[in-house]
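Let me begin by presenting the structure, written as structure tokens, before commenting on it.
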Amino acid sequence: MLIQTRLTFRTAGRGSREITGEVAAQVRAAGIGCGIAQIFVQHTSCSLLLTENADPDVRRDLETLFGRIAPDGDPAYLHDAEGPDDMAAHARTLIAGASLTVPVAGARLLLGTWQGIYLWEHRTEAHDRNVVITVMGESA
Amino acid sequence: MLIQTRLTFRTAGRGSREITGEVAAQVRAAGIGCGIAQIFVQHTSCSLLLTENADPDVRRDLETLFGRIAPDGDPAYLHDAEGPDDMAAHARTLIAGASLTVPVAGARLLLGTWQGIYLWEHRTEAHDRNVVITVMGESA
Amino acid sequence: MLIQTRLTFRTAGRGSREITGEVAAQVRAAGIGCGIAQIFVQHTSCSLLLTENADPDVRRDLETLFGRIAPDGDPAYLHDAEGPDDMAAHARTLIAGASLTVPVAGARLLLGTWQGIYLWEHRTEAHDRNVVITVMGESA
């Protein structure tokens, strides 16, 4: 059994917003008893983020660390056509990843207690971002 | 055909332990002729690690590099409720990844000769860690 | 429905080469109406790279950044049996990832307009690299 949907999310510029509820709703609707949910961002400057859902400071600290790993406006960048955040966004996307697979059981995501799924915008401007969710497995 | 299991591993604190054998045993038991094995850690402060299985110095050097990318007790961290390794562990988990998919054929993981799968504890203390393994595909 | 193939690519030493066309050809041949394509590199010193396909400077800048994150010949490395690029290649592989899953619909990869799939060689010498592609889903 297989259900595939594409959702579009408006981001507020750089930062992460939780999408666990939206992904869980697709999994529930698919009614998969046992299987996987594959989540995929169709962009090269925003990523998925699977991290702790309790303290928002975790995601602020991740911004700080990613700002060191892939700084905006680094003089070494050759690719800067869209501004100082352009190349930084591509690099952060690669490191965090645009593709995530989560197991499913009983029509629910098998996440740990403290795990949340976030859409992580790496550009400074707001964007519409497409996320493809594919739920595969055996019927409940 | 689909088999899903949850295994619990006791870690010895920061460091990696091989779990290739345990994952391979699930794949063998599933008897999948052709498909995929999806491995997922239900935590935000330990990750999976797919790396060379011959020289343990590789994994020591990865600790060194990750210690630079996400140092313990960095003064910039806002999130430090559980100690200096708390935020470092979240960041390392994100970069290494908590979710891994490996192809399967003939009821075996299609790993390369030098690839091993490790559970990588990023907290300094020992923990019990849950790993969900989902094997999907066609019967042998 | 499920199709699995192993392709071998000759790299030209450190750098990335696009393999989107080769992966898309497998997906087309599989004739999957809806599902996923799982791509897996059977090595610990080269990775997959999902990034922008328009400006090759993006991939040059990624080399620059990865050269800082995991430099060649770092004096802290214990593992250097195969030269100064040996450990750097293992670390870069881990960070970029050797496993990638992409949704499929209508026998096509559901990539965004600017997304390309690359095989990223991290060793300085040329190598033959095995890539396993597994396409799973419902018939078209």
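Protein chains in written order, with our numbering: chain A, 1 to 140; chain B, 1001 to 1140; chain C, 2001 to 2140. Glycine included, C-beta positions come from ideal geometry on N, C-alpha and C.
Item to complete: Note down the Cα distance separating L2050 (chain C) from Q2115 (chain C), rounded to an integer number of angstroms.
Response: Here residue 2050 (chain C) is taken as the residue at index 50 of the third sequence, counted from 1. Here residue 2115 (chain C) is taken as the residue at index 115 of the third sequence, counted from 1. Straight-line Cα distance between these residues: approximately 6 Å.
So, is D1061 (chain B) buried or exposed, given that buried needs 16 or more other C-beta atoms within 10 angstroms?
To locate residue 1061 (chain B), count along the second sequence from 1; it is residue 61. With 16 or more other Cβ atoms within 10 Å, it is buried.
Note down, in chain order, all residues in the region 2060-2079 of chain C with a beta-carbon under 7 Å from any beta-carbon belonging to chain B. Residues I2069, A2070, A2076, Y2077, L2078, H2079.
Sorted by chain position, which residues of the same chain lie with C-beta nearer than 6 Å to C2034 (chain C)'s C-beta, five sequence neighbours on each side aside?
Translated into the one-based positions of the third sequence, residue 2034 (chain C) becomes position 34. Once the five neighbours on either side are set aside, the close Cβ partners of C2034 (chain C) are A2105, G2137, E2138.
(Q) Let's test the definition: count the other Cβ atoms within 10 Å of the Cβ of A54 (chain A) and tell me whether it reaches 16, buried, or not, exposed. (A) Along the first sequence, one-based indexing puts residue 54 (chain A) at 54. With fewer than 16 Cβ atoms within 10 Å of its Cβ, A54 (chain A) is classed as exposed.
Determine, for T1134 (chain B), whether the minimum Cβ-Cβ distance to residues of chain A falls below 7 Å. By one-based count along the second sequence, residue 1134 (chain B) stands at place 134. Chain A contact via Cβ: present.
Report back the beta-carbon spacing between I1003 (chain B) and A1140 (chain B) to the nearest angstrom; my notes put them in contact at under 8 Å. Here residue 1003 (chain B) refers to the residue found at position 3 of the second sequence. Here residue 1140 (chain B) refers to the residue found at position 140 of the second sequence. Contact flag wrong, Cβ pair sits at about 12 Å.
| task | Determine, using beta carbons only, whether W114 (chain A) comes closer than 7 Å to chain B. | result | On the first sequence, position 114 is the one that residue 114 (chain A) refers to. Interface residue, yes.
Item to complete: Verify the CB distance criterion: does F9 (chain A) have a CB-CB separation below 7 Å to chain C?
Response: Counted from its first residue, the first sequence places residue 9 (chain A) at position 9. No, F9 (chain A) does not count as interfacial toward chain C.
Q: List the residues of chain B whose Cβ lies closer than 8 Å to the Cβ of Q2026 (chain C), in chain order.
A: Sequence index remark: in the third sequence, residue 2026 (chain C) carries index 26 (1-based). Against chain B, a Cβ distance below 8 Å from Q2026 (chain C) picks out nothing, because the smallest value is about 12 Å.
Any idea what DSSP makes of M87 (chain A), helix, strand or coil? Start at 1 with the first residue of the first sequence, and residue 87 (chain A) comes out as number 87. In the structure shown, the three-state DSSP call for M87 (chain A) is helix.
- Query: Are there three or more Cβ pairs, one per stretch, closer than 8 Å when the region 2013-2022 of chain C is compared with the region 2118-2131 of chain C?
  - Reply: Flag = yes, the region 2013-2022 of chain C and the region 2118-2131 of chain C touch.
task = Grab the span of the alpha helix (DSSP H) containing G21 (chain A) for me, first residue to last.
result = On the first sequence, position 21 is the one that residue 21 (chain A) refers to. 20-30 is the extent of the alpha helix (DSSP H) around G21 (chain A).
Review point. Distance, Cα to Cα, D1074 (chain B) vs Y1118 (chain B)?
Key: The residue labelled residue 1074 (chain B) in the question sits at position 74 within the second sequence. The residue labelled residue 1118 (chain B) in the question sits at position 118 within the second sequence. Rounded to the nearest angstrom, the gap between the Cα atoms of D1074 (chain B) and Y1118 (chain B) is 26 Å.
### Query
Which residues share a DSSP beta bridge with N1130 (chain B)?
In the second sequence, the residue the question calls residue 1130 (chain B) occupies position 130. Under the DSSP definition of a beta bridge, N1130 (chain B) partners with B:T1008.
**Prompt:** Are there three or more Cβ pairs, one per stretch, closer than 8 Å when the region 2078-2089 of chain C is compared with the region 86-93 of chain A?
**Reply:** With a cut-off of 8 Å on Cβ pairs, the region 2078-2089 of chain C is not in contact with the region 86-93 of chain A, counting fewer than three such pairs.
Query - C-beta contact flag for L2100 (chain C) and I2039 (chain C) at 7 Å - result: The residue given as residue 2100 (chain C) occupies position 100 in the third sequence. The residue given as residue 2039 (chain C) occupies position 39 in the third sequence. Yes, Cβ-Cβ distance for L2100 (chain C) and I2039 (chain C) is below 7 Å.
Open item on the list: If the criterion is Cβ atoms closer than 7 Å, does the pair T2008 (chain C) and N2130 (chain C) meet it?
Closed with: Mapped onto the third sequence, residue 2008 (chain C) falls at position 8. Mapped onto the third sequence, residue 2130 (chain C) falls at position 130. With a cutoff of 7 Å on beta-carbon distance, T2008 (chain C) and N2130 (chain C) are scored as near each other.
Under the three-state DSSP convention, the category T1101 (chain B) falls into: To locate residue 1101 (chain B), count along the second sequence from 1; it is residue 101. Three-state DSSP puts T1101 (chain B) in a strand.
Note to self: In this structure, how does DSSP classify L1094 (chain B) when only helix, strand and coil are distinguished?
What the structure shows: Numbered from its first residue, the second sequence carries residue 1094 (chain B) at position 94. Residue state, collapsed to three classes: helix.
- On the premise that A96 (chain A) lies in contact with L65 (chain A), defined as a C-beta separation below 8 Å, what is that separation, rounded to the nearest angstrom? Here residue 65 (chain A) corresponds to residue number 65 of the first sequence, with the count starting at 1. Here residue 96 (chain A) corresponds to residue number 96 of the first sequence, with the count starting at 1. L65 (chain A) to A96 (chain A), Cβ: 11 Å. No contact.
Any idea what DSSP makes of G1137 (chain B), helix, strand or coil? Here residue 1137 (chain B) corresponds to residue number 137 of the second sequence, with the count starting at 1. G1137 (chain B): strand per DSSP, three-state reduction.
Should E82 (chain A) be labelled buried (16 or more other beta-carbon atoms within 10 Å of its own) or exposed?
-> Position 82 of the first sequence, counted from the first residue, corresponds to residue 82 (chain A). Under a 10 Å Cβ-count criterion, E82 (chain A) is classified as exposed, with fewer than 16 other Cβ atoms of the shown protein chains found around its own Cβ.
ask   = How many Å lie between P2071 (chain C) and I69 (chain A) at the Cα?
value = For the purposes of this step, residue 2071 (chain C) is taken as the residue at position 71 of the third sequence. For the purposes of this step, residue 69 (chain A) is taken as the residue at position 69 of the first sequence. The alpha-carbon atoms of P2071 (chain C) and I69 (chain A) are separated by roughly 13 Å.
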